[in-house]
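Here's the structure we're looking at; comments come further down.
2 protein chains.
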Amino acid sequence: MAKADTKERILEVTAELFQRYGYNGSGLKQIVTNANATFGSVYHFFPGGKQQLGVEVLRRSGQMYLELAETIVGGASDVATGVRHFFLGAAEVLRQTGYLDACPIETVALEVASTNEALRQATADVFESWITGIGALFTAAGIGEEKARDLAIVVITAIEGAFVLSRAARTTEALERAGTYAAAIVQAALDGIEP
Amino acid sequence: MAKADTKERILEVTAELFQRYGYNGSGLKQIVTNANATFGSVYHFFPGGKQQLGVEVLRRSGQMYLELAETIVGGASDVATGVRHFFLGAAEVLRQTGYLDACPIETVALEVASTNEALRQATADVFESWITGIGALFTAAGIGEEKARDLAIVVITAIEGAFVLSRAARTTEALERAGTYAAAIVQAALDGIEP
DNA sequence: CGCCCACTAGATAGAACGATCTAGTGCCGA
DNA sequence: TCGGCACTAGATCGTTCTATCTAGTGGGCG
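Take a look at the structure:
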């Protein structure tokens, strides 16, 4: 067990720490301790240091979270219901983890937006991949491409914003309300109503 | 000029740094330098250290931002138009500051949500005051109290989420799209349509 | 005038930060 | 069997962090 892929353990632990405490709040020392690794290992696998580790973690977390979203949203009877399920599922995870686990890249995105171009670009790429991925689900449900992109942006902004309020208040109220309205907006688009 | 209220200068500078770089990203040294103050001054006015300074800055910024929102939203011909104006105004400010100035407390809120109870409570109080304040504008426009609160939550989550995407992408697209849909939701409530 | 206290000034402590370095371990193929 | 290389181990460097400390300065009030 101690030998099992050190690089993988570092990535997993860092992803968890970033999600909970952000980039500046996650020290290399804590990463090394939690991953049962050493400084040598970190700089062997990530010669670019903390920044390179950060970029790889963001990419990885971004892809995993998109896959989760696609599974839940695409797995429901219709996309509007799927969107609703995703918000409620996120609320449940947040509550069960003591309001620790929300979006895996949001905190980092805000922290580095104006201080680290490489990391900022990584977070921008992740959000764009989410917009494209969720938008594809909407077009597959019969919504026009341009409108599907707009809807995807609205749904993603809603959940990101709801995470902020819910984590601060330690309440799932924001996620529940935002989920209701996001689902309604998607339903209206399915019904062909213009915004 | 150097004598003019040192405490005020510290608060102003810290508010600006928090907004742009977050709590962990804003060092006391940088605060002291930018405010043309000294460590002694900071610990004289804020004996509780960085945490106390943070709490006061959050309260202050939260109140100022609410007043700005109330002015813009309440100053339009109707609240739906006001909401739209606020999103577009925020987009303009963001663009003009090189994607630096978004929400004054959002970054800090995410950073401290799981690490500092006093600061977390301060951010929660600010968000709650926003919900109450914006909700009051909606009830004044003829919307029922319960629905007004839900609408306020949705509008605030929308703008917070849009700030995340817009700062990361260095584009105002998210703010514009979220603003359009947020205004539409408020308009629907004014028209008496259920979500 | 002269004292007092709010405030300034900046050196310094002590811990944590990211990063680098030299040794050393152990597996794998020739 | 042995050489090489991927990887581990952890001491250490210089910096930065928050916080504290002593020594002052200066303006208003008795």
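Chains A and B are the protein sequences, given in the same order. The first sequence begins at 0 in numbering that gives the first Met the number 0 and counts up by one. The second sequence begins at 0 in numbering that gives the first Met the number 0 and counts up by one. Beta carbons: idealized from backbone N, C-alpha and C, even for Gly.
Where residue i meets chain A, residues with beta-carbon distance less than 9 Å
| i | result |
| --- | --- |
| residue 65 of chain B | Correct list: empty, because the minimum Cβ distance to chain A is about 15 Å. |
| residue 12 of chain B | Correct list: empty, because the minimum Cβ distance to chain A is about 16 Å. |
| residue 83 of chain B | Within 9 Å Cβ-Cβ: nothing; residue 83 of chain B doesn't reach chain A, min ~12 Å. |
Contacts that residue i makes with chain B (C-beta to C-beta distance below 7 Å)
| i | result |
| --- | --- |
| residue 24 of chain A | 23, 110, 114 |
| residue 77 of chain A | Within chain B, no residue comes near residue 77 of chain A; the closest Cβ sits about 17 Å away, beyond 7 Å. |
| residue 19 of chain A | 113 |
The ligand FAD heavy atom lying under 7 Å from the CB of residue i
| i | result |
| --- | --- |
| residue 89 of chain B | Among the components modelled here there is no ligand, and therefore nothing to report on the ligand FAD. |
Residue i versus the options, residue with shortest Cα-Cα distance
| i | options | result |
| --- | --- | --- |
| residue 189 of chain B | B/104, B/82, B/171 | B/82 |
| residue 163 of chain A | A/107, A/72, A/113 | A/107 |
| residue 73 of chain B | B/124, B/134, B/111, B/43 | B/134 |
| residue 111 of chain A | B/98, B/90, B/112 | B/98 |
| residue 200 of chain B | B/53, B/143, B/85 | Residue 200 of chain B is absent from the model: chain B starts at 0 and stops at 194. |
| residue 114 of chain A | B/36, B/160, B/16 | B/16 |
| residue 176 of chain B | A/149, A/34, A/92 | A/149 |
| residue 19 of chain B | A/182, A/174, A/65, A/109 | A/109 |
| residue 120 of chain B | A/84, A/167, A/119, A/89 | A/167 |
| residue 96 of chain A | A/170, A/182, A/36, A/132 | A/170 |
| residue 128 of chain A | A/49, A/155, A/117 | A/155 |
| residue 116 of chain A | A/136, A/94, A/50 | A/50 |
| residue 42 of chain B | B/191, B/124, B/5, B/66 | B/5 |
| residue 187 of chain B | B/56, B/36, B/80, B/66 | B/80 |
| residue 146 of chain B | A/93, A/48, A/180 | A/180 |
| residue 48 of chain A | A/33, A/91, A/28 | A/28 |
| residue 160 of chain B | A/172, A/132, A/126, A/191 | A/126 |
| residue 32 of chain B | B/66, B/63, B/8, B/45 | B/8 |
| residue 66 of chain A | A/38, A/136, A/36, A/37 | A/136 |
| residue 173 of chain B | B/124, B/45, B/101 | B/101 |
| residue 138 of chain A | A/191, A/124, A/88 | A/191 |
Listed by chain order, chain B residues near residue i by CB distance under 9 Å
| i | result |
| --- | --- |
| residue 99 of chain A | 112, 113 |
Cβ-Cβ separation, residue j to residue i (assumed contact under 8 Å), whole Å
| i | j | result |
| --- | --- | --- |
| residue 14 of chain A | residue 59 of chain A | 7 Å |
| residue 78 of chain A | residue 12 of chain A | Not really, about 34 Å apart at Cβ, beyond 8 Å. |
| residue 23 of chain B | residue 21 of chain A | 7 Å |
| residue 61 of chain A | residue 104 of chain A | 6 Å |
| residue 158 of chain B | residue 130 of chain B | Going by Cβ atoms, the distance from residue 158 of chain B to residue 130 of chain B rounds to 12 Å, so no, they are not a contact pair. |
| residue 178 of chain B | residue 86 of chain B | 3 Å |
| residue 10 of chain A | residue 55 of chain A | 7 Å |
| residue 75 of chain B | residue 84 of chain B | 5 Å |
| residue 69 of chain B | residue 141 of chain B | Contact doesn't hold; Cβ gap of about 17 Å is too wide. |
| residue 93 of chain B | residue 40 of chain B | That pair is no contact at about 32 Å. |
Residue i in three-state terms, based on DSSP
| i | result |
| --- | --- |
| residue 12 of chain B | helix |
| residue 23 of chain A | coil |
| residue 34 of chain A | coil |
| residue 45 of chain A | coil |
| residue 157 of chain B | helix |
| residue 215 of chain A | Because chain A spans 0 through 194 in this model, residue 215 of chain A falls outside it and cannot be assessed. |
| residue 186 of chain B | helix |
| residue 171 of chain B | coil |
| residue 191 of chain A | coil |
| residue 7 of chain B | helix |
| residue 177 of chain B | helix |
| residue 65 of chain A | helix |
| residue 165 of chain B | helix |
| residue 2 of chain B | In this predicted model, residue 2 of chain B has a pLDDT of only 46, less than 50, meaning its place in the structure is not dependable enough to derive any value. |
Chain A contact residues for residue i, given Cβ-Cβ distances below 7 Å
| i | result |
| --- | --- |
| residue 149 of chain B | 176 |
| residue 119 of chain B | 167 |
| residue 173 of chain B | 152, 156 |
Chain B contact residues for residue i, given Cβ-Cβ distances below 8 Å
| i | result |
| --- | --- |
| residue 164 of chain A | 126, 152, 155, 156, 159 |
Closer than 8 Å at the beta carbon, the chain A residues around residue i
| i | result |
| --- | --- |
| residue 123 of chain B | 167, 168, 169 |
| residue 105 of chain B | 109, 163 |
Where are the alpha helix (DSSP H) runs, 4 residues long or more, that stay fully inside the region 80-153 of chain B, in chain order?
-> Here the runs fully enclosed are 105-111, 116-139.
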